[in-house]
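Student: Structure incoming, see below.
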């Protein structure tokens with residue numbers, strides 16, 4: 001049971017200390033509101049849920065990589081910067097994919113609600 005609580009503590013720490021994690025959680029809340037408000041299907045909601053989980057998991061991994069690099073060196077080193085940049089890039093790619101998917105899913109429903 002301790003490993004579960006260690007993991008929860010890690011998530012809580014990331015939420016409290018990482019601005020981008022807060023942004024992802026607010027985006028998740030917005031996705032939830034739209035999924036509730038619009039007549040999305042179970043499959044569409046599952047797809048959205050998968051993207052949300054992927055983005056948050058990658059943000060947690062990005063945080064872990066940043067902390068590890070900072071632990072290893074305080075000096076500015078090109079490889080340390082590359083490791084941090086690539087980890088952040090993985091989150092960006094997933095977030096863009098999630099946003100595009102959300103637009104494709106929510107877009108037609110929003111247009112229907114606004115114009116019909």
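In our numbering, the protein residues as written are 1 to 116. All C-beta atoms, glycine included, are put in the ideal place defined by N, C-alpha and C. Predicted model, so just to flag it, every value in this text is computed and none were measured.
(1) Assuming the contact rule is C-beta atoms closer than 8 Å, residue 105 and residue 40 should be a hit. Round their C-beta distance to whole Å, please.
(2) Residue 83 to residue 65, Cα distance in whole Å?
(3) Spatial neighbours of residue 91 within its chain, please: C-beta separation below 6 Å, excluding the five flanking residues on both sides.
(4) Can you tell me where the alpha helix (DSSP H) holding residue 61 begins and where it ends?
(5) Is residue 55 closer than 9 Å to residue 124 when the C-beta atoms are compared?
(6) Can you give me the start and stop residues for the alpha helix (DSSP H) that residue 116 sits inside?
Tutor: Judging by the given coordinates:
(1) Reading the chain shown from its first residue, position 105 is the one you call residue 105. Reading the chain shown from its first residue, position 40 is the one you call residue 40. Contact between residue 105 and residue 40 holds: CB atoms are separated by about 6 Å, below the 8 Å threshold.
(2) Counting from 1 along the chain shown, the entry for residue 83 is found at position 83. Counting from 1 along the chain shown, the entry for residue 65 is found at position 65. Rounded to whole angstroms, residue 83 to residue 65 spans 8 Å at the Cα level.
(3) Locating residue 91 in the chain shown gives position 91, where the first residue counts as 1. For residue 91, where only same-chain residues beyond five positions count, the Cβ hits under 6 Å are 58, 59, 62.
(4) On the chain shown, residue 61 is found 61 positions in, with the first residue counted as 1. From DSSP, the alpha helix (DSSP H) with residue 61 extends over 42-72.
(5) Since the displayed the chain opens at 1 and closes at 116, residue 124 lies outside it and no answer follows.
(6) To locate residue 116, count along the chain shown from 1; it is residue 116. Run containing residue 116: none; DSSP gives neither H nor E here.
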